[in-house]
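In terms of the numbering used here, the numbers along the sequence shown are unbroken and rise by one, the last being 934. Below is one structure, written out as structure tokens, with a few remarks after it.
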Amino acid sequence: MDNEWTNSRRNFVKTLILSGVSLQLPWIQSCSQKVQDIPVPDNIEPLSLNSFLTIYSVMDILFPDDGNGPGAKQLKSDHYFLWTVNDPNFDPDTRSFLLNKLEKLNKESLRIYGDNFHDLSRAQQEDYIAELSETDWSKGWLSRLLTLIFESLFVDPQYNVNPDTIGWKWLNHFPGYPRPTTQQLYPTILNKKHEV
Numbered sequence: 739m740d741n742e743w744t745n746s747r748r749n750f751v752k753t754l755i756l757s758g759v760s761l762q763l764p765w766i767q768s769c770s771q772k773v774q775d776i777p778v779p780d781n782i783e784p785l786s787l788n789s790f791l792t793i794y795s796v797m798d799i800l801f802p803d804d805g806n807g808p809g810a811k812q813l814k815s816d817h818y819f820l821w822t823v824n825d826p827n828f829d830p831d832t833r834s835f836l837l838n839k840l841e842k843l844n845k846e847s848l849r850i851y852g853d854n855f856h857d858l859s860r861a862q863q864e865d866y867i868a869e870l871s872e873t874d875w876s877k878g879w880l881s882r883l884l885t886l887i888f889e890s891l892f893v894d895p896q897y898n899v900n901p902d903t904i905g906w907k908w909l910n911h912f913p914g915y916p917r918p919t920t921q922q923l924y925p926t927i928l929n930k931k932h933e934v
């Protein structure tokens, strides 16, 4: 009888452990795929990979795809962020502001959660952004990111943003015609000599 009870209890514990592990596999797999599923451009300078993944995640929190229109991911607002901070004519103080606050967000995430922002669960990311929106140092930063996201709704797809004009379609926006040629895109157009 004791032997039977021991075997039964042992089988019960094994079953519990295997069930617990198997229930966690989808969660573990989704965490490991999360970063792998983020499309990273070939050149993300001046950002580190961690900073790029963070800006991608923050923009997705600020402007998610809620089924009502494109989100920051679909608009490729992260690409627009990179394009903007790499623009040689972009205000250097604003560039520093955007990059420094991004770095601060990463440091604060490590301090508070012990993990990079992009590695947090979606609920933790949303809670953290909600908390940040109440702090003095982040209000202007989050506002500037929203401005960049809104701008990406209108950017010509030739800039590798707003693919297939999804932002235009959603807003029922009609761009000026004719659309710019490659030679007429910013900043190339600045180098052209204009006749008066």
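The beta carbon of each residue, even a glycine, is placed where N, CA and C say it ideally should be. Being a predicted model, the structure only gives us computed values, none of them experimental.
Under the three-state DSSP convention, the category residue i falls into
i	result
I782	coil
F855	helix
F892	helix
P808	coil
I850	helix
I776	coil
S760	The predicted position of S760 is uncertain, since its pLDDT is 44 and thus under 50; a value taken from the coordinates is nonetheless stated next. Looking at S760 - three-state DSSP - the assignment turns out to be helix.
With 16 other Cβ atoms within 10 Å as the buried cut-off, status of residue i
i	result
D857	buried
F790	buried
V823	buried
F828	exposed
N844	buried
L883	buried
A861	exposed
Y818	buried
V893	buried
I793	buried
S786	exposed
G852	exposed
M928	Residue identity check: residue 928 is Leu in the sequence provided, not Met. The residue is exposed, with fewer than 16 neighbouring Cβ atoms inside 10 Å.
L870	buried
P764	For P764, the predicted structure reports a pLDDT of 42, less than 50, and the residue's modelled location is therefore unreliable. A value from the coordinates is still provided. Exposed, by the Cβ-count rule.
G805	exposed
D831	exposed
L923	exposed
S847	buried
L840	buried
Assumed close pair residue i, residue j - CB separation to whole angstroms, cut-off 8 Å
i	j	result
L836	V899	Contact doesn't hold; Cβ gap of about 16 Å is too wide.
K842	W875	7 Å
W906	P916	Between P916 and W906 the Cβ distance is about 15 Å, and since that is not below 8 Å, they are no contact.
V796	I867	7 Å
E864	I799	6 Å
I904	P779	Actually they are not in contact, since the Cβ atoms of I904 and P779 sit about 18 Å apart, beyond 8 Å.
S890	S815	4 Å
Within the stretch 855-929, note down every full alpha helix (DSSP H) run reaching 4 residues or more, in order along the chain.
DSSP runs (the alpha helix (DSSP H)) wholly in the stretch 855-929: 860-870, 874-892 and 904-909.
Which runs of the alpha helix (DSSP H), 4 residues or longer, sit entirely within the stretch 797-841?
DSSP runs (the alpha helix (DSSP H)) wholly in the stretch 797-841: 810-813 and 815-824.
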